[in-house]
Amino acid sequence: MARRARWMVTLALGAALLAACGMLAAEDSGEPTATILSPAAGSTVAVNEPVTVQAQGSDPDGPGVVRLDLQVDGVTVNSFEAGGPQETVAADLPFTPTAEGAVSVSVVAFREDGTASQPAVVALSVVGATSESPEPASEESSSDSEESESEESSSDSESSSSSSGSGGAVTGTANELTNIRVRPGPGCEIVGQVQPGETVTFVERTTWEPHWYRIDEGWVYNEPFTVGDDSSVPRVNEQGCLYCGDGICSDEIAEVCDECTDDCGVCPYCGDGEVNQPSEECDGDASVCGDGYTCTASCGCQEEEEEPPAPTCGDGNVDPGEECDGGGCGVTETCNDSCQCEPFGVAPAAKCGNGVVEAGEECDPPGACLQSGQQACNVACQLSICP
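In terms of our numbering, the sequence shown opens at residue 448 and continues consecutively.
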């Protein structure tokens with residue numbers, strides 16, 4: 448008893464500290480927040496008996512929470528996947544303590560990119576199934592107790608039979624917030640929700656797996672529910688709804704390639720190595736075009752162009768790459784064997800009077816002055832004013 452008293456005092460002190468900060472979510476706006484709603488810090492629970500931790504994750508200023516992890520003494524023992532980013536995620540995360548003593552329970556919320564919240568922590572006291580030995584009961588009270596237990600057992604049996612046996616309604620309890628859909632399938636419209644801990648009655652279930660249950664308001668997926676024997680629930684071959692990701696490329700919901708590659712794949716394009724009719728004649732392979740044709744960059748067949756003939760020096764035509772061909776150079780140049788112009792010796796001296804204005808001359812031939820002040824060509828073949 449002394450040893451138990453000591454660790455109970457230690458636990459109480461630790462619980463008081465954790466109660467002050469463990470129940471609070473992180474204040475950092477750059478992270479999601481986690482909160483433990485129950486059990487309260489310092490609560491006493493029984494060893495080898497299930498304990499349900501009611502947890503909540505929030506991310507009002509971020510992309511949303513996708514997962515909650517339950518950790519006991521730093522070891523993850525349970526997780527809840529939200530199925531997509533949500534501003535607030537609530538879940539019941541059960542665990543079973545296996546040893547007496549103090550235990551630290553924490554919950555961490557995660558975003559899709561792995562960003563984690565600060566853990567919300569509470570300390571619990573795990574004790575034996577009965578903390579004190581009961582006093583011996585008298586024969587009379589023992590008899591009354593046995594009779595009472597017998598009646599309770601009978602009552603429980605009848606209740607169980609009416610809730611899940613043949614001929615009775617089959618019910619299930621939601622372990623997490625669950626969507627109700629208009630038909631069975633993740634692509635169907637959401638028409639409501641089942642709250643964590645809420646019990647619903649199953650009217651039908653699908654013949655195909657993973658199966659869905661029909662309740663009064665619509666259809667729910669089976670996994671989030673705790674259900675007993677459902678053999679009495681009528682089976683129906685109810686079909687679900689088409690959606691991107693179901694493996695069916697459907698015109699009914701206007702699925703097209705690239706917009707839903709999971710179902711319809713990648714749209715054909717020029718350069719994918721396949722001839723996609725009718726827009727393409729070829730795709731990188733000119734052999735499909737035939738001899739004398741080539742495959743263009745736009746995946747069309749085009750007739751190959753003939754190369755122009757190589758220039759021939761000496762044919763009398765100045766072809767591309769030639770400066771001359773038998774002629775075509777200046778008076779001081781000559782056309783060489785490569786049809787290029789090159790200087791030819793020294794230019795001949797100008798001859799005044801030959802009637803040709805040559806280098807160094809301004810006019811030719813010379814003329815006499817006929818009128819004073821008039822310009823005329825003098826004997827040096829230069830222009831001058833008559834005196």
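Where a beta carbon is used, it is the ideal one built from N, C-alpha and C, also for glycine. This structure is a prediction, so every number in the text was calculated from the model and none was measured.
Relative to PRO566, the option among LEU517, GLU528 and PRO834 whose CA is nearest is LEU517.
Residue pairing by DSSP places GLY639 opposite ILE627 in a beta bridge.
Contact between the stretch 657-666 and the stretch 516-533 is absent, with fewer than three C-beta pairs closer than 8 angstroms. Under the three-state reduction of DSSP, VAL803 is assigned to coil, being neither helix nor strand. Looking only at GLY675, GLY632 and CYS748, the smallest Cα-Cα distance to PRO657 is reached by GLY632. Using a Cβ-Cβ distance cut-off of 8 angstroms, the stretch 640-654 and the stretch 679-687 are in contact, since at least three pairs of beta carbons, one from each stretch, lie closer than that value. The C-beta of VAL803 has fewer than 16 other C-beta atoms within 10 Å across all chains shown, which makes the residue exposed. Unbroken alpha helix (DSSP H) runs of no fewer than 4 residues, entirely contained in the stretch 656-741, are found at 708-711, following chain order.
CA-CA distance, GLU478 to ALA563, rounds to 7 angstroms. Secondary-structure assignment with DSSP links GLY548 through a beta bridge to VAL573. The beta strand (DSSP E) runs lying completely inside the stretch 466-522 and spanning 3 residues or more are 480-485, 491-493, 498-505 and 512-519, given in chain order. In this chain, GLU753 is not harboured by any beta strand (DSSP E), its DSSP state being neither H nor E.
Note on geometry: alpha-carbon atoms of SER553 and PRO497 lie some 16 angstroms from one another.
DSSP, reduced to helix, strand and coil, places ASP539 within a strand of the structure shown. ASN622 is not a Cβ neighbour of GLN640, given a cutoff of 9 angstroms.
DSSP, read as helix, strand or coil, puts ASN525 in strand.
Counting along the chain, ARG558 sits inside no beta strand (DSSP E), nor does DSSP assign it H or E at all.
If you compare the alpha carbons of GLU809, ALA806, PHE672 and ASP719 with that of VAL647, the shortest gap goes to PHE672.
With a threshold of 16 other beta carbon atoms within 10 Å, ILE637 falls short and is exposed.
In this structure, the alpha-carbon of GLN821 lies about 5 angstroms from that of CYS833. When secondary structure is reduced to three states using DSSP, VAL647 falls in the strand class.
Taking each of THR545, TYR690, PRO532 and CYS828 in turn and checking the Cα distance to VAL524, the smallest one comes out for THR545.
In this structure GLU534 touches GLY511 by the C-beta definition: roughly 6 angstroms separates them, less than 8 angstroms. The three-state secondary structure of THR654, taken from DSSP, is coil.
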